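Trainee: Chains as they are written, first to last, in the numbering used here: chain A, 1 to 271; chain B, 272 to 549. Mind having a look at this structure? Questions to follow.
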């Protein structure tokens, strides 16, 4: 039954690791996974030492060249025992990786104006997405935000991948002081956006989806819900969505998401 | 005591445990479903939304879950999930859970007419039966009456598995009761009653509970002699599976390990086959 769209479970290897502010950027050899990657996909990695839940990470970048074949980059924010273990992995460490997983961002058929919003490490999937959109002739505006500079992902790189970049920090250490919810209306206005993509906290995604709805723009949001298995097996990541018929039902963030239409999420129930 | 199986074929030796194979579609990327004994998540007559988030928490060598029987209900399951599993060649055991004996009987009757169902597994060990409004089977004779009700409605040549909670004080009596009531085999064990960090009722699974499941299995074998048993609880590799088989289990079920590594079933199945042919 396996086909080339199916995810793979492979024995990977950490090829490079570097600090990026509060994050750790890992470059991983995971044979077969980079070739199948589409922006918005994630990988689930197994943590060793009797920890059973997977850690799900946005795929940040796929590098085509290299002695190991294509590799993938992920951004790790060490906040708990699993991510701290991951962030501490040395070069050469073996790592079990499953991917690419999840429903990716859908790309517009026409060259339209797009706004991409990445909060914290939620900015990770926005860079490859920006590349795909630019290839299609879309005007890409990027918004990267974080509580402070240390959690701001690749603001420099952002300037290379987008026509305009808005940087927002909670403490005002870089860019505009504030948050996405406060700035998004202005950005959508300025860019005359047709489509808005976002990844980050539920509160931020809700604000983005609402702003897009107000302007009549499409929104697609990448949810950062904890995914116990990441593969659709455990039913442990329910997301309430409202279907065409107006009925709220639960879908799995890992296989029905993580990217979903912003106007379909039952934000009140998701809380 | 009957121990008939369909078409003379035994079980497993490696089966997918209830609630850890998704709808089957997701597992198909990591395991060849053809010829695989696949137990579905527990299906109820009506759809159930399941519990609130978070549903799963990590503990040392274990997971606690409060998924709360999230399932689409029998009708939807038959229309959308069963056909894929059957087409893929899995032998499908539908796990059933009900609020009353009548519901169990109804489930069994309707599943007996569904093309491609290979057997049933009666979930007698949901960690929060009362909270989920399920028929209370803490008393072994209640568990036996559920199995009897299901057995009456389900074709005699198809297996009915009874999955008991690994509760050492009850498991021998429970196993005797369900076997007398017509269960083809007893599955030992299920999630151990536990708590989510916030106090909600939950079930603990994973390697943390393997010693408990092994003890339950050993007690049943010691008391009842060689009866058809299927072992489950924290199995992650062939050596784990071998422990259950050596204690008298005819097959094993793998669940939680799939959430950590979705290829576990494939791996363990291949390793056991290699051992056999050596």
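Backbone N, C-alpha and C fix where the C-beta goes; we use that ideal spot for every residue, glycine too. As the structure is a prediction and not an experimental result, all values here were calculated from the model.
Quick one: which residues of the segment 288-305 of chain B get their C-beta closer than 8 angstroms to a C-beta of chain A? List them in chain order.
Mentor: Within the segment 288-305 of chain B, the residues whose Cβ lies closer than 8 angstroms to some Cβ of chain A are 290, 291, 292, 293, 294, 296, 297, 298, 299, 300, 301, 303, 304, listed in chain order.
Trainee: Mind listing the chain A neighbours of residue 357 of chain B? Cutoff is C-beta to C-beta under 7 angstroms, in chain order.
Mentor: Translated into positions along the second chain, residue 357 of chain B becomes position 86. Per Cβ cutoff of 7 angstroms: no residues; residue 357 of chain B is ~13 angstroms from chain A at best.
Trainee: Residue ranges of each beta strand (DSSP E) run of no fewer than 3 residues wholly in the segment 220-249 of chain A, ordered along the chain?
Mentor: You should have 238-242.
Trainee: Given this structure, state the Cα-to-Cα distance separating residue 279 of chain B from residue 387 of chain B, to the nearest angstrom.
Mentor: Walking along the second chain from the start, residue 279 of chain B turns up at place 8. Walking along the second chain from the start, residue 387 of chain B turns up at place 116. Legend: pLDDT at residue 279 of chain B = 44, less than 50; position of this residue unreliable, value from coordinates given subsequently. Roughly 17 angstroms separates the two Cα atoms.
Trainee: Closest to residue 516 of chain B by CA distance: which of B/307, B/420, B/499 is it?
Mentor: Numbered from its first residue, the second chain carries residue 516 of chain B at position 245. Per the Cα distances, B/499.
Trainee: Please work out which residues of its chain come closer than 6 angstroms, Cβ to Cβ, to residue 78 of chain A, disregarding the five sequence neighbours upstream and downstream, and give them in chain order.
Mentor: For the purposes of this step, residue 78 of chain A is identified with residue 78 of the first chain, where counting begins at 1. Cβ neighbours of residue 78 of chain A beyond the five flanking positions: 84, 87.
Trainee: Could you round the C-beta distance between residue 228 of chain A and residue 270 of chain A to whole angstroms and report it? I think they count as a contact, below 8 angstroms.
Mentor: For this step, residue 228 of chain A is matched to residue 228 along the first chain. For this step, residue 270 of chain A is matched to residue 270 along the first chain. In fact, because the Cβ distance is near 17 angstroms, the residues do not count as touching under 8 angstroms.
Trainee: Could you name the residues of chain B that residue 96 of chain A contacts, counting a contact when the two beta carbons are closer than 8 angstroms?
Mentor: Indexing the first chain from 1 puts residue 96 of chain A at position 96. Result: 532.
Trainee: Taking the continuous alpha helix (DSSP H) assigned at residue 361 of chain B, which residues delimit it?
Mentor: For the purposes of this step, residue 361 of chain B is identified with residue 90 of the second chain, where counting begins at 1. Taken as a continuous stretch (DSSP letters only), residue 361 of chain B belongs to no alpha helix (DSSP H), as it is neither H nor E.
Trainee: Which residues, in chain order, does the segment 309-324 of chain B contribute to contact with chain A at a C-beta distance below 9 angstroms?
Mentor: Listed by position, the residues of the segment 309-324 of chain B near chain A (Cβ gap below 9 angstroms) are 312, 318, 320, 321, 322, 323, 324.
Trainee: Could you give the residue range of the alpha helix (DSSP H) that holds residue 509 of chain B?
Mentor: Numbered from its first residue, the second chain carries residue 509 of chain B at position 238. Start and end: 509-517.
Trainee: Do you know how far the Cα of residue 322 of chain B is from the Cα of residue 375 of chain B?
Mentor: Looking up residue 375 of chain B in the second chain gives position 104. Looking up residue 322 of chain B in the second chain gives position 51. Roughly 22 angstroms between the two C-alpha positions.
Trainee: Decide if residue 254 of chain A is buried, meaning its Cβ has at least 16 other Cβ atoms within 10 Å, or exposed.
Mentor: Within the first chain, the letter at position 254 stands for residue 254 of chain A. Buried, since its Cβ has 16 or more Cβ neighbours within 10 Å.
Trainee: In three-state terms, what does DSSP make of residue 1 of chain A?
Mentor: Taking the first residue of the first chain as position 1, residue 1 of chain A is located at position 1. Summary for residue 1 of chain A: the model assigns pLDDT 44, below 50, so the residue's position carries little reliability; its value from the coordinates is reported in the next sentence. Residue state, collapsed to three classes: coil.
Trainee: Could you please give the first and the last residue of the uninterrupted beta strand (DSSP E) stretch that includes residue 383 of chain B?
Mentor: Residue 383 of chain B sits at position 112 when you count from the first residue of the second chain. Where residue 383 of chain B is concerned, there is no enclosing beta strand (DSSP E), although the alpha helix (DSSP H) it sits in stretches over 372-383.
Trainee: Any Cβ of chain A within less than 8 angstroms of the Cβ of residue 461 of chain B?
Mentor: Taking the first residue of the second chain as position 1, residue 461 of chain B is located at position 190. No, residue 461 of chain B does not count as interfacial toward chain A.
Trainee: Using a Cβ-Cβ cutoff of less than 6 angstroms, which residues in the same chain neighbour residue 105 of chain A once the five nearest sequence positions on both sides are dropped?
Mentor: In the first chain, residue 105 of chain A corresponds to position 105, counting from 1. Taken in chain order, the residues that qualify are 39, 40, 129, 197, 220, 259.
Trainee: Please classify residue 289 of chain B as buried or exposed, where buried requires at least 16 other C-beta atoms within 10 Å of its C-beta.
Mentor: As a position in the second chain, residue 289 of chain B is number 18, starting the count at 1. Counting Cβ neighbours within 10 Å, residue 289 of chain B comes out buried, since at least 16 surround it.
Trainee: Taking DSSP's pairing of strands, which residues face residue 286 of chain B in a bridge?
Mentor: Taking the second chain and counting its residues from 1, the one referred to as residue 286 of chain B is at position 15. Looking at the DSSP assignment, residue 286 of chain B forms a beta bridge with B/308, B/524.
Trainee: Using the DSSP secondary-structure output, state which residues sit across from residue 530 of chain B in a beta bridge.
Mentor: Numbered from its first residue, the second chain carries residue 530 of chain B at position 259. Paired residue(s): none; residue 530 of chain B is not in a bridge.
Trainee: With a threshold of 8 angstroms between beta carbons, is residue 194 of chain A in contact with chain E?
Mentor: In the structure shown, chain E does not exist; the protein chains are A and B.
Trainee: Leaving out five residues on either side along the sequence, give the residues of the same chain with a beta carbon under 8 angstroms from the beta carbon of residue 359 of chain B.
Mentor: Translated into the one-based positions of the second chain, residue 359 of chain B becomes position 88. Excluding residues within five positions, the ones whose Cβ falls inside 8 angstroms are 295, 299, 304, 305.
Trainee: For the candidate residues A/237, A/264, A/252, whose alpha-carbon lies nearest to that of residue 245 of chain A?
Mentor: Position 245 of the first chain, counted from the first residue, corresponds to residue 245 of chain A. When only C-alpha atoms are compared, the closest one is A/264.
Trainee: Mind listing the chain B neighbours of residue 255 of chain A? Cutoff is C-beta to C-beta under 7 angstroms, in chain order.
Mentor: As a position in the first chain, residue 255 of chain A is number 255, starting the count at 1. Under the 7 angstroms cutoff, chain B gives 297.
Trainee: With a cut-off of 8 angstroms on the beta carbons, I'd call residue 46 of chain A and residue 531 of chain B a contact; round off their distance for me.
Mentor: As a working note, residue 46 of chain A is residue 46 in the first chain. As a working note, residue 531 of chain B is residue 260 in the second chain. Sure, about 6 angstroms apart at Cβ, within 8 angstroms.
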